[in-house]
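**Student:**
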Amino acid sequence: AQKVTQAQTEISVVEKEDVTLDCVYETRDTTYYLFWYKQPPSGELVFLIRRNSFDEQNEISGRYSWNFQKSTSSFNFTITASQVVDSAVYFCALSEAWTGFQKLVFGTGTRLLVSP
Amino acid sequence: ETGVTQTPRHLVMGMTNKKSLKCEQHLGHNAMYWYKQSAKKPLELMFVYNFKEQTENNSVPSRFSPECPNSSHLFLHLHTLQPEDSALYLCASSQGERQTNEKLFFGSGTQLSVL
């Protein structure tokens, strides 16, 4: 069965610090997709990135970067030079190709608090 | 921007009440979802509708009854709930092409408290 673990419940940093959010997943499927979503205080989850299991290239988008390593079943998320607006709960999620429709399995989330 | 609107934002109900949550998406999507978010637990998928047809019921108790009259609207009818049903209920939509790599677009949720 698939599972996503986000061991960090809450992280507090000071503005401009770099921070890495960890995500470890379990799946028996060879074709799967990994996602990160951000949930600001307003409540709606916002899509950040999607990665398929055959693409281990790391990705950078502005201050955000993602490190996908199949060898360790990890898909970590780094925010460089954090800002107060980055304060939110971040969710890592997994979907497996065999289900035939979007059936995301989420981790428990990591709450990031960025103070001025 | 969010093209998924949920009402009400907050709801308090007694265990004998009947209420409904409403979700509307303006994105032209064909799949809609209900998720339950409880404190310190992963988001739980409850129901999935593709082109108005229910494709997933994730062993949800019958006191939760979904309704999808068209691809743009999704309801969750609630009756005789329990206090442990208190949670944030999130609605989401996606293209509905039955692809497991689809992005989900979420509403802001309904914070439900059952007294």
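Protein sequences, first through last, are from chains G and Z. Per the numbering used here, numbering of the first sequence is gapless, rising by one per residue and ending at 179. Per the numbering used here, numbering of the second sequence is gapless, rising by one per residue and ending at 1053. Quick reminder that beta carbons are idealized off the backbone N, C-alpha and C, glycines included.
With a threshold of 16 other CB atoms inside 10 Å of the CB of T30(G), please say whether the residue is buried or exposed.
**Tutor:** A question about residue 30(G) goes unanswered here, because the residues of chain G that appear run from 64 up to 179.
**Student:** Roughly how many whole angstroms lie between the Cα atoms of N115(G) and T1048(Z)?
**Tutor:** Straight-line Cα distance between these residues: approximately 31 angstroms.
**Student:** When you check each C-beta in the region 971 to 993 of chain Z against every C-beta of chain G, which residues fall closer than 9 angstroms?
**Tutor:** Y971, Y973, Q975, K978, K979, P980, L981, E982, L983, V986, N988 and T993
**Student:** Quick check: the Cα distance between F169(G) and T954(Z), rounded to an integer number of angstroms?
**Tutor:** 32 angstroms
**Student:** Take every Cβ of the region 147 to 167 of chain G, pair it with every Cβ of the region 96 to 103 of chain G, and state whether three or more of those distances are shorter than 8 angstroms.
**Tutor:** yes
**Student:** With H, G and I counted as helix, E and B as strand and the rest as coil, what does DSSP make of S134(G)?
**Tutor:** Helix.
**Student:** If you reduce the DSSP assignment to three classes, tell me which class E80(G) lands in.
**Tutor:** coil
**Student:** For K960(Z), which residues does DSSP report across the bridge?
**Tutor:** T945(Z) and F1013(Z)
**Student:** Sorted by chain position, which residues of the same chain lie with C-beta nearer than 6 angstroms to E939(Z)'s C-beta, five sequence neighbours on each side aside?
**Tutor:** Model confidence at E939(Z) stands at a pLDDT of 48, short of 50, so the residue's coordinates are unreliable and nothing is read from them.
**Student:** Is the beta carbon of L965(Z) less than 7 angstroms from the beta carbon of Y973(Z)?
**Tutor:** no
**Student:** Would you please state the rounded distance, in angstroms, between the beta carbons of A1025(Z) and Q975(Z)? I believe it to be under 8 angstroms.
**Tutor:** 6 angstroms
**Student:** Pull up the CB-CB distance for V82(G) and I123(G), whole angstroms please, since I reckon it's below 8 angstroms.
**Tutor:** In fact, because the Cβ distance is near 15 angstroms, the residues do not count as touching under 8 angstroms.
**Student:** With 16 as the cutoff for other CB atoms within 10 Å, does L920(Z) come out buried or exposed?
**Tutor:** Any question about residue 920(Z) goes unanswered here, given that chain Z covers just 939 to 1053.
**Student:** Against chain G, which members of the region 1012 to 1046 of chain Z pass a CB distance test of less than 8 angstroms?
**Tutor:** L1026, L1028, A1030, S1032, R1036, Q1037, T1038, N1039, E1040, K1041, L1042, F1043, F1044, G1045 and S1046
**Student:** Within 10 Å of its beta-carbon, does H967(Z) have 16 or more other beta-carbons around it, so buried, or fewer, so exposed?
**Tutor:** buried
**Student:** Comparing C-alpha positions only, which one of S105(G), L167(G) and Q69(G) sits nearest to N996(Z)?
**Tutor:** L167(G)
**Student:** Please report the straight-line C-alpha distance between K92(G) and E159(G), rounded to a whole angstrom.
**Tutor:** Before going further, note that residue 92(G) is Asp rather than Lys in the sequence given. For D92(G) and E159(G), the distance between alpha carbons rounds to 6 angstroms.
**Student:** For the beta strand (DSSP E) containing W99(G), list its first residue and its last residue.
**Tutor:** Y95 to Q102
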